[in-house]
């Protein structure tokens, strides 16, 4: 909670969440989220909010001095720890990854990274949808995240590296005949969660091509959607590469295509951009920069 206390102290000093964010290298929404978490944890309201203006509440004024003391003590501890550079370099790396990346890209990348002769820090792999991982890296809970490129742009204190553009295909239970439009008319739709970046791309495609679907179940992850279609619960549109599906629908069978019928999507190719979002400060640590390079090399090998 130290980072939240530091955010609280900075917001109190600036009387503004946006100004505090500028000083700390956070977005205003990240500052607001951290303050909310701290208020929930302490069970008090720290700020009075009026429009865009904020001011300390009675509880906030009462707790400010204690928070300043805790932050000051922690910074003193960090100063002493900073003298031990080798130990700091081996601090755990917190990496977020969507499930398809965990299954399809991360094992090979970590294998490359682990082959380095030097001692390497512990890896903490955090699962989640891209929207969740973006919030966590914005809140400095992650060093980097392998995810779908955010639509809102990349903050100045972060770096985005594209790994691949992954095309989508349509899938239905093995033996299903007809076109994608025929599938939409005859089968329930196993939907990629509309609240996710990848699922939003599917929703936009359906609207653009005027495809009306019979709603079935809605899920977060393409790998799970593939299994649902194999179980003959309906048809779906999913990104193909990392779950082992042929992109054009007629290529030689891949492991992921067992039990499903695959068709390409008509019109402008539908793809999702997968990459690594990393905090610039984290990349100053050699093991983190090395891990990012290994992710890039692994993606190129799948080219």
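Numbering (the UniProt record's numbering), first residue to last: 1 to 303. Note that beta-carbon positions come from the ideal geometry of N, C-alpha and C, so glycine has one too. On a predicted model such as this, the values are computed, not experimentally measured, just so you know.
Which value, in whole angstroms, describes the spacing of the CA atoms of residue 5 and residue 298? The alpha-carbon of residue 5 is positioned some 39 Å away from that of residue 298.
Contact between the region 168–184 and the region 278–291 is defined here as three or more beta-carbon pairs at a separation below 8 Å; is this criterion met? Cβ pair count under 8 Å is below three, so no.
Considering Cα atoms alone, identify which of 141, 262, 176 is closest to residue 94. Of the candidates 141, 262, 176, the residue whose Cα lies closest to the Cα of residue 94 is 141.
What are the complete beta strand (DSSP E) segments, minimum 3 residues, inside the region 239–291? Taking 3 residues as the minimum length, the beta strand (DSSP E) runs contained wholly in the region 239–291 are 260–264, 271–279, in order along the chain.
Among 103, 25, 294, nearest to residue 158 - alpha-carbon criterion: Comparing Cα positions, the closest option is 25.
Quick check on DSSP: helix, strand or coil for residue 172? Here residue 172 sits in strand by DSSP.
At which residues does the beta strand (DSSP E) containing residue 145 begin and terminate? Element bounds for residue 145: 144–148.
Quick one: what does DSSP say residue 113 is sitting in, helix, strand or coil? Helix.
Can you find a heavy atom of the ligand NAP that lies under 7 Å from the Cβ of residue 226? In the structure on display, the ligand NAP does not appear, and there are no ligands present to speak of.
Tell me which residues share the same chain as residue 122 and place their Cβ nearer than 7 Å to its Cβ, disregarding the 5 neighbours each side in the sequence. Within the same chain, residue 122 has close Cβ partners 92.
Can you check whether the CB of residue 277 is closer than 8 Å to the CB of residue 113? No. Outside cutoff.
Could you say which of 259, 30, 163, 21 lies nearest to residue 230 if we only look at CA atoms? That would be 259, whose Cα lies nearest to the Cα of residue 230.
Out of curiosity, what's the CA-to-CA distance linking residue 47 and residue 69? Distance between the alpha carbons of residue 47 and residue 69: 19 Å.
Taking all protein chains shown into account, do 16 or more other C-beta atoms lie within 10 angstroms of the C-beta of residue 55, making it buried, or fewer, making it exposed? Exposed: under 16 other Cβ atoms inside 10 Å.
Find out if the Cβ-Cβ distance for the pair residue 64, residue 118 is shorter than 8 Å. Not closer than 8 Å, so no.
Which residues does DSSP pair with residue 189 in a beta bridge? 215, 235, per the DSSP bridge assignment.
Spell out a yes or no on whether the region 92–111 and the region 124–135 are touching, meaning 3 or more CB-CB pairs, one atom from each, closer than 8 Å. Enough Cβ pairs lie closer than 8 Å, so yes.
Restricting to Cα atoms, I'd like to know which of 154, 71, 103 is closest to residue 243. Among 154, 71, 103, the Cα nearest to that of residue 243 is on 103.
Could you have a look at residue 12 and say whether DSSP puts it in helix, strand or coil? In the structure shown, residue 12 sits in a helix (DSSP, three-state: H, G or I).
For residue 165, which residues in the same chain have their Cβ closer than 8 Å to its Cβ, ignoring the five residues on either side in sequence? Non-local C-beta neighbours of residue 165 in its own chain, meaning closer than 8 Å and more than five positions away in sequence, comprise 271, 272, 273, 274, ordered along the chain.
If you scan the region 113–139 from start to end, which runs of the alpha helix (DSSP H) of 4 or more residues do you find wholly inside it? Within the region 113–139, the complete alpha helix (DSSP H) runs of at least 4 residues are 130–138.
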